[in-house]
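For the record, the sequence lines run as chains A and B.
If you're matching positions, the first sequence starts at 1 in the UniProt record's numbering and goes up one per residue.
If you're matching positions, the second sequence starts at 1 in the UniProt record's numbering and goes up one per residue.
For every residue, glycine included, the Cβ atom is placed at its ideal position computed from N, Cα and C.
Number of protein chains: 2
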Amino acid sequence: MPRTDASTPRILACDVFGTVVDWHGSVMREIAARAPAIDAAAFARAWRAGYQPAMARVRAGELGWTRIDVLNRMILDTLLPEFGLAAMDEASRAELNRVWQRLAPWPDAVAGLARLRSRFMLCTLSNGNIGLLAEMAKHAGLPWDCILSAETFGRYKPDPRTYRGVAEIFDVEPGQVMLVAAHQDDLDAARDCGLQTAYIERPAEFGADAPKPVVGDAANTLHARDLTDLADRLGCP
Amino acid sequence: MPRTDASTPRILACDVFGTVVDWHGSVMREIAARAPAIDAAAFARAWRAGYQPAMARVRAGELGWTRIDVLNRMILDTLLPEFGLAAMDEASRAELNRVWQRLAPWPDAVAGLARLRSRFMLCTLSNGNIGLLAEMAKHAGLPWDCILSAETFGRYKPDPRTYRGVAEIFDVEPGQVMLVAAHQDDLDAARDCGLQTAYIERPAEFGADAPKPVVGDAANTLHARDLTDLADRLGCP
């Protein structure tokens, strides 16, 4: 691994949902194909909105360690009746739940990650479970060197043991790891653990009709428009 | 993932040291380059021979969870004086210990794995730690979909939780996972957990001067000469 100076990271740890893949557009398209009558964008946002509270139940110990695949399915089962889809059968629910393994990468993601991988150890650090992330990578062609997950550490982000855990896995100092994410709260928690941080703008994360502010905090090590821009800023060929 | 019939596995979980990479030849070459006067083949075998007893100390609870990188270094520090190399300095020891991240693949491995990956979810299941396996894959170009390790499960093979853990990670039945290994004891333990098994012949695992019997047990699901032969037997293009 080339190391140009002390401040160059060795390991890039990437958040995935929203940062690398477009969960909103992908879920919306699959819902719209199955249930043309409902508000697919609202369904996608509601499904995703259930995610933080579900993980909070795990963090609080109310639920034992539970994979995102299972949490997503619990949320889905709650949502379907609210959207008039209570009649959906078991096989269709299981199939729909796997949409999270089929999320489409943002247009810059595959090329950007391939360039980043040419200079850095490129891994995920996602709350998505290992199997989900591996199926997604295979489906979308995401060129990870290594899939690390909350499941690897038995804790969900923003638990410090996830961020520090990446450094421990690779036997490096926390400052040699850079978290790459489109969410400032994730980056803040990583910085508190000594990691470098790269903010990625994803204004359409919640849909083109619901643009997200993408200012990013001045304390981030880098601010990039997308993953190809990050590759430029990190000097990747 | 294509599935031709009920008995076709979905997941191939590969042992790594000896099965995919030639630890004996790689360690021997690095030792010979550093210390031309010693018996490099004997050094390589002695280093590897320390591995099972070291893991046994972890399994017995005598040591807490300890990564192979650390166990290898403990063994190295014991071996060096025995081979007249007690004077080796700290930086050289650390550098030599990383030889396990630089092990060369067997000549068939990269091409064989790439073919296997075209039809199966291809992961490691090694006692090597995650960081070691990721560095090795990057160095040698091993095309894993996912790196799973004893470290993922906090237990060393042959603990049943490692074999069953692969099935749990991918939410499949144990019979949909095939362990690929050059060691019958590893395959036996996997079969006891319901996994399919593929024996890979590696007669030169301990050196060309110390050929290993490669008969394999008739109970194995498949017996293959090497990883390209396994790709043939599994119908991979």
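* Span separating the alpha-carbon of threonine 4 of chain B from that of serine 118 of chain B -> Caution is warranted here: a pLDDT of 42 is assigned to threonine 4 of chain B, below 50, making its placement in the model unreliable, and no coordinate value can be reported.
Using DSSP bridges, identify the partner residues of leucine 148 of chain B. B:Leu125
task = Could you work out which residues of chain A lie near isoleucine 169 of chain B, taking near to mean beta carbons separated by less than 7 Å?
result = Residues of chain A passing the Cβ test: Ile130, Gly131.
Under a three-way DSSP split, which group does phenylalanine 17 of chain A fall into? strand
By the 8 Å beta-carbon criterion, what residues does the stretch 98-128 of chain B contribute toward chain A? Met121, Cys123
Select from the stretch 134-147 of chain B all residues with a C-beta closer than 9 Å to any C-beta belonging to chain A, and list them in chain order. Ala134, Glu135, Ala137, Lys138, Trp144, Asp145, Cys146, Ile147
One or two residues paired with methionine 28 of chain B in a DSSP bridge:
Paired residue(s): none; methionine 28 of chain B is not in a bridge.
At least three beta-carbon pairs within less than 8 Å, the stretch 209-218 of chain A to the stretch 49-67 of chain B: Result no; under three Cβ-Cβ pairs closer than 8 Å.
inquiry  = Counting only C-beta atoms, is threonine 152 of chain A closer than 9 Å to chain B at any point?
reply    = Closer than 9 Å: yes.
Worksheet item: Excluding five sequence neighbours on each side, which residues of the same chain lie with their C-beta closer than 7 Å to the C-beta of alanine 111 of chain A?
Response: Thr228
Would you mind sorting glutamine 52 of chain B into buried or exposed? The rule is 16 or more other CB atoms within 10 Å of its CB. exposed
| field | proline 160 of chain B versus arginine 233 of chain B - alpha carbon distance | value | 27 Å
request  = Only counting runs of 3 or more residues, tell me where the beta strand (DSSP E) segments fall wholly within the stretch 78-130 of chain B, in order along the chain.
outcome  = List check, beta strand (DSSP E) in window: 121-126.
Original post:
How many whole angstroms separate the CB atoms of residue 252 of chain A and cysteine 123 of chain A, which I take to be in contact at a CB cut-off of 8 Å?
Top reply: In the structure as shown, chain A begins at 1 and stops at 237. Residue 252 of chain A is therefore absent and cannot be evaluated.
Per-residue contacts from aspartate 69 of chain B into chain A (C-beta, under 8 Å): Asp171
**Item:** Pick from A:Leu80, A:Ala198, A:Ala189, A:Trp106 that is closest to tryptophan 47 of chain A, judged by C-alpha positions
**Value:** A:Leu80
Give the DSSP bridge partners of histidine 139 of chain A, in chain order.
For histidine 139 of chain A, which the question treats as bridged, DSSP gives no partner whatsoever.
- Taking only the alpha-carbon atoms, compute the straight-line gap between glutamine 184 of chain A and isoleucine 200 of chain B and give it to the nearest angstrom. 48 Å
Which stretch, first to last residue, makes up the beta strand (DSSP E) that contains valine 180 of chain B? 177-181
Practice prompt. Return the CA-CA distance between methionine 55 of chain A and leucine 71 of chain A, expressed in angstroms with no decimal places.
Written response: Taking the CA atoms as reference points, methionine 55 of chain A sits about 8 Å from leucine 71 of chain A.
#### Entry: Option in A:Asp15, A:Ser92, A:Ala40, A:Glu62 with minimal Cα separation from glycine 25 of chain A
A:Ala40
Q.
For glycine 50 of chain B and leucine 230 of chain A, I'd like the C-alpha separation in whole angstroms.
A. Glycine 50 of chain B and leucine 230 of chain A: Cα-Cα distance of roughly 44 Å.
Using only the alpha-carbon positions, how far apart do threonine 8 of chain A and tryptophan 100 of chain B sit?
25 Å
Q) For proline 53 of chain A, does the three-state DSSP call read helix, strand or coil? A) helix
key: CA nearest to the CA of leucine 133 of chain B, picked from B:Ile11, B:Arg10, B:Leu12, B:Val20   = When the alpha-carbon of leucine 133 of chain B is set against those of B:Ile11, B:Arg10, B:Leu12, B:Val20, the nearest one is in B:Val20.
Checklist entry - So, do the stretch 169-176 of chain A and the stretch 185-205 of chain A have three or more beta carbon pairs nearer to each other than 8 Å? => result yes
- Helix, strand or coil for leucine 187 of chain A per DSSP? helix
Helix, strand or coil at tyrosine 163 of chain A according to DSSP, with G and I counted as helix
helix
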